[in-house]
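Numbering (the working numbering), first residue to last: 32 to 231.
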């Protein structure tokens, strides 16, 4: 299943409305894009150049045929100026380069893996996993208990609201909890079983 959504970026004017009749100028990073333009392409293969300024219609950047278009450049960094239909500045960015470190969550474990001159094969293999299912399989993480029941052993931790049973007698190593409505009959059959009965 694939979600259908708007695939083209929208440009807004200074009031936050869709930019209609605006111009987009793209140029060398740190320079005036109108004086030092770079080639902008409509395709990722960089084979279809767009004329500058790139016009906007209803918020969309459009090609020479007034059809919404994508925009790609060969450079890793560039500057961008956007003006409205009267030529007034809407936005200017002397550089669009963003340091990826600002988006990377930091942790001692990740830093050690990256800074170590010889990361382990195991650590690198974890970084190459494509999704959580692959991570679970690689680390032998079991699935949750089935909704219809299952066996659980060991220390458990209670999270959220509600009650957690506690047996002070170490001989009581198992127990059951039952939930019924107000009219339900007592389902318990052994010492240590708990019955929660709804209120009418």
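Cβ coordinates follow ideal geometry from the N, Cα and C atoms, glycine included.
If you compare the alpha carbons of 86, 93, 159 and 95 with that of residue 118, the shortest gap goes to 86. Contact between residue 94 and residue 81 holds: CB atoms are separated by about 6 Å, below the 8 Å threshold. Inter-segment contact for the stretch 36–53 and the stretch 70–81 is absent: fewer than three beta-carbon pairs are separated by less than 8 Å.
In the displayed model, residue 62 falls within coil according to three-state DSSP, outside both helix and strand. A buried status is given to residue 109, since no fewer than 16 other beta-carbon atoms sit within 10 Å of its beta-carbon.
As DSSP reads the structure, residue 209 sits in a beta bridge with 226.
DSSP links residue 111 through a beta bridge to 57 and 124. Residue range 85–88 is occupied by the beta strand (DSSP E) that includes residue 87. The alpha-carbon of residue 103 is positioned some 43 Å away from that of residue 171.
The DSSP-derived three-state label of residue 158 is helix.
The Cβ neighbour count for residue 92, taken over all protein chains shown within 10 Å, is at least 16; the residue is labelled buried. CA-to-CA, the gap between residue 56 and residue 164 works out to about 44 Å. Excluding residues up to 5 positions away in sequence, 44, 45, 50, 53, 113, 114 and 115 lie with their Cβ nearer than 7 Å to the Cβ of residue 121 in the same chain. The C-alpha of residue 159 is placed about 43 Å away from the C-alpha of residue 208. Beta-bridge pairing by DSSP links residue 73 to no other residue. The Cβ atoms of residue 216 and residue 230 do not sit closer than 8 Å to each other.
In this structure, the alpha-carbon of residue 78 lies about 20 Å from that of residue 38. Taking a 10 Å sphere around the C-beta of residue 166, we find fewer than 16 other C-beta atoms and assign the residue as exposed. Cα atoms of residue 157 and residue 58: separation of roughly 40 Å, rounded to the nearest angstrom.
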